[in-house]
Ligand code: IPM
Ligand code: MG
């Protein structure tokens, strides 16, 4: 019996995780899956209830679970509180506490949504790339960091970009393993023309690739990678990069697909236990209005089935149910074209669940 912890979080988080939960429950009810589901708090809701964005107790429950499904964190209400207590810190803390160093962010263009892309259809038709972002190191976590006052009373803010050989080696392996299941092409993105941390990164990635003779590895500077992503994105298959570059490039890649509301992500540790979450944020402007797109969270469940629960068969059924809903013309507001009548969060969830209940294997 698998244990799943759902952390709905803030904004649209509770609405989208509710639909994803129904997807899991449909698989359980159909006898396809045996799991127990619990819920907990993270982000602003946890600040309200416990004074901190993530409690030790919730971390313990997350450690005891096979997988965590997270909605989103943050909102205007908590933007001006002390940095260490902000909702985002809850997210960074759970990544670090669970050792979730490997963040897989697929950017897939659904053929039904080609018109929603910011690029011309021929540049993005068939787009299917994965960004493998290092998630527990680099400038996000490097010490020293802070804001202090220098000699002349002038304040300075600073962070440290540091990567150890081990950290680079394990994320490189993770990317190569992903690539072995795909077209075996990996582009490592760095800034080795300027940064020492990148110089070492490139050296270790190259060295690690010797254990993967089938992998075709190339290297690219991050500024060029940003340009190539919006010029000719289909040249990429798997991109592996550090925490900050991955944060930036994955948002750009997401936009190529037309809707950030469609994209899931997985954050895995060394035991392939993971935290699964949609790439989009908490969207406080539409929270509680039944307008959010639940598909990124539903597809995060699909990634959970594939990577942690080892049920690629069920992952395919969930993917198929999402495809079927899109094929039927269902669109939430974020992916609706000019002539489409948008459906709500719940109605989109209904369509997926119904299809799932009838396409049993
Ligand atoms: C992401 C987000 C987070 C990050 C924020 C919310 C801390 O932008 O998951 O990409 O920067 O990692
Ligand atoms: Mg980001």
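Residue numbers (my numbering): 1237 to 1597.
Cβ atoms here follow ideal geometry from the backbone N, Cα and C, with glycine treated the same way.
Model, not experiment: these values are computed from the prediction.
With a cut-off of 8 Å on Cβ pairs, the segment 1465-1473 is in contact with the segment 1349-1367, counting three or more such pairs. Rounded to the nearest whole angstrom, the CA to CA distance from residue 1528 to residue 1535 is 14 Å. Sequence-distant Cβ neighbours of residue 1437 in its own chain, meaning closer than 8 Å and more than five residues away, are 1399, 1404, 1424, 1426, 1428 and 1478. Under the DSSP assignment, residue 1380 falls outside any alpha helix (DSSP H); it carries neither an H nor an E label. In the three-state reduction of the DSSP assignment, residue 1275 falls in the strand class. By the Cβ criterion, the segment 1288-1303 is in contact with the segment 1241-1250, since at least three pairs of Cβ atoms, one from each stretch, lie closer than 8 Å.
By the rule of a C-beta closer than 5 Å to any heavy atom of the ligand IPM, the residues picked out are 1324 and 1483. In chain order, 1408 and 1424 place their CB closer than 6 Å to the CB of residue 1441, counting only its own chain and leaving out the 5 sequence neighbours on each side.
Boundaries of the beta strand (DSSP E) harbouring residue 1339: 1338-1344, taken from the DSSP string. Within the same chain, and ignoring the five residues on either side of residue 1375 in sequence, the residues whose Cβ sits closer than 6 Å to its Cβ are 1395, 1397 and 1480. Cβ atoms of residue 1530 and residue 1252 come within 8 Å of each other, at about 4 Å. Cβ atoms of residue 1336 and residue 1256 stay farther apart than 8 Å, at about 19 Å. Residues of the same chain with a CB within less than 7 Å of the CB of residue 1382, apart from the 5 flanking positions on each side, are 1394 in chain order.
In the same chain as residue 1453, and ignoring 5 residues on each side of it, the C-beta atoms closer than 6 Å to its own belong to 1422 and 1445, in chain order.
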